[in-house]
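Residue numbers (the working numbering): 1 to 342.
Where is the CB? At the ideal position from N, CA and C, for every residue including glycine.
All values derive from a computational prediction rather than experimental measurement.
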């Protein structure tokens, strides 16, 4: 979920009796390992610009050490054998997107865990996404630990586990793995598959009253409340109703009581990956088809893509996103985006 903290007009919302401000959140009490994209030339291809990483409720919730331990305990039975210092957050978001958000990576002992939130619908491409995360994270691990992959002795790397969390209101078959090999153009038999990556699916059928279950319920309650909202005031009212309901029904109550105003601000300025992708593809496709019919397919594709970007940028501006974030997501120039605001 994408956030625009700079352009969110909280004062205006307050004037409508929508929300109260609160003190800034305390610094997280968990060690955060951020990625330095300039430590090695090979990293530059993965990061062409400095990118600001902003928290969603998902990442903010689980940056807290106690909550991260609860998350781990939802999926694994050996949580008690680890100390607090064994839990380390990994910054994953610069690998694939600009200002994220919703993908959580962390190390527990010698185990790498990547947990991705899927926000509105089933996505069969998660194994590909996880593969890119894994390659990037292992590269970083090898470099930071000064391991030599060309040495004659075998180096050791953490084992990895990949989980996709479905927060939409649908039943997901527990234990049903998504496999990278399902995306191969020519798959062959299982014995012929030389590179495999499996992703576990987790949905509302997960362990009841676990922190993950409560987070899923929070998302589904918000989704129901937000339906039909057309203005910021409507949306904020839906956010407040969702928070109120969850606190009354002991759903993430401690977290929401501590960070109610911050959660409201995050929810007010979110964009889902699906929303941005859908806007971009639909606009580009529609404009491309139209231009292609009148001026040729090649020109139609080029012009259609640009028109799609412009249309998407306009929608992002209307949603209150910053010029810098829109530029990173659409590749339009700053001047083009500012012209849309004129």
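Rounded straight-line distance, which links the Cα of residue j to that of residue i
i, j, result
"residue 321", "residue 308", "17 Å"
"residue 213", "residue 316", "31 Å"
"residue 112", "residue 151", "23 Å"
"residue 313", "residue 342", "13 Å"
"residue 200", "residue 248", "32 Å"
"residue 85", "residue 72", "14 Å"
"residue 264", "residue 224", "16 Å"
"residue 77", "residue 260", "31 Å"
"residue 219", "residue 122", "15 Å"
"residue 333", "residue 327", "6 Å"
"residue 155", "residue 148", "7 Å"
"residue 208", "residue 215", "11 Å"
"residue 62", "residue 114", "13 Å"
"residue 311", "residue 324", "16 Å"
"residue 110", "residue 160", "9 Å"
"residue 70", "residue 337", "43 Å"
"residue 125", "residue 188", "19 Å"
"residue 240", "residue 229", "13 Å"
"residue 339", "residue 185", "43 Å"
"residue 319", "residue 329", "14 Å"
"residue 236", "residue 60", "19 Å"
"residue 190", "residue 262", "48 Å"
"residue 331", "residue 306", "9 Å"
"residue 81", "residue 158", "17 Å"
"residue 380", "residue 234", "No information on residue 380 is available, as it lies outside the stretch 1 to 342 that the chain covers here."
"residue 146", "residue 335", "43 Å"
"residue 56", "residue 79", "25 Å"
"residue 139", "residue 83", "26 Å"
"residue 253", "residue 153", "51 Å"
Reduced DSSP secondary structure (H/G/I, E/B, other) of residue i
i, result
"residue 198", "strand"
"residue 37", "Only weak support exists for where residue 37 lies, its pLDDT of 38 falling under 50; the coordinates are left without a value."
"residue 83", "coil"
"residue 309", "helix"
"residue 118", "strand"
"residue 88", "strand"
"residue 103", "strand"
"residue 317", "helix"
"residue 61", "helix"
"residue 332", "coil"
"residue 48", "In this prediction, residue 48 scores a pLDDT of 34, lower than 50, which makes its location untrustworthy; the coordinate-derived value is nonetheless stated afterwards. If DSSP states are grouped into helix, strand and coil, residue 48 belongs with coil."
"residue 98", "Bear in mind that the predicted position of residue 98 carries a pLDDT of just 43, short of 50, making it unreliable; the figure below should be weighed with that in mind. The answer is coil: DSSP assigns residue 98 none of H, G, I, E or B."
"residue 24", "Interpretation of residue 24 is limited by its pLDDT of 40, a score under 50 that renders its predicted location unreliable; the figure taken from the coordinates is listed afterwards. In this structure, residue 24 counts as coil in the three-state DSSP scheme."
"residue 337", "helix"
"residue 43", "With a pLDDT of 38 at residue 43, under the threshold of 50, the modelled position of that residue is not reliable, and the figure given next carries that caveat. It is helical."
Selected residue, minimal CA-CA separation from residue i, among the options
i, options, result
"residue 141", "227, 106, 59", "106"
"residue 245", "217, 129, 133", "217"
"residue 137", "89, 179, 62", "89"
"residue 267", "232, 250, 251, 258", "232"
"residue 116", "202, 211, 234, 190", "202"
"residue 64", "306, 335, 258", "258"
"residue 128", "139, 144, 163, 146", "163"
"residue 134", "79, 198, 60", "198"
"residue 211", "191, 167, 234, 146", "167"
Short Cβ contact (8 Å threshold) for residue i with residue j
i, j, result
"residue 345", "residue 58", "Coverage of the chain is limited to positions 1 through 342, which leaves residue 345 absent and any answer about it impossible."
"residue 108", "residue 87", "yes"
"residue 242", "residue 255", "no"
"residue 118", "residue 165", "yes"
"residue 367", "residue 193", "Nothing in the structure corresponds to residue 367, since the chain is present only between 1 and 342."
"residue 238", "residue 251", "no"
"residue 352", "residue 179", "No answer is possible for residue 352: it lies beyond the span of the chain, which begins at 1 and ends at 342."
Closer than 7 Å: residue i CB and nearest the ligand HEM heavy atom
i, result
"residue 114", "In the structure on display, the ligand HEM does not appear, and there are no ligands present to speak of."
C-beta neighbour in chain C for residue i, strict 8 Å
i, result
"residue 248", "No chain C appears in this structure, which consists of one protein chain only."
Ranges of the alpha helix (DSSP H) found wholly within the region 192-252, counting only runs of at least 4 = 211-226, 232-248
Entirely within the region 138-193 and at least 3 residues each: give me those beta strand (DSSP E) ranges in chain order.
-> 159-166
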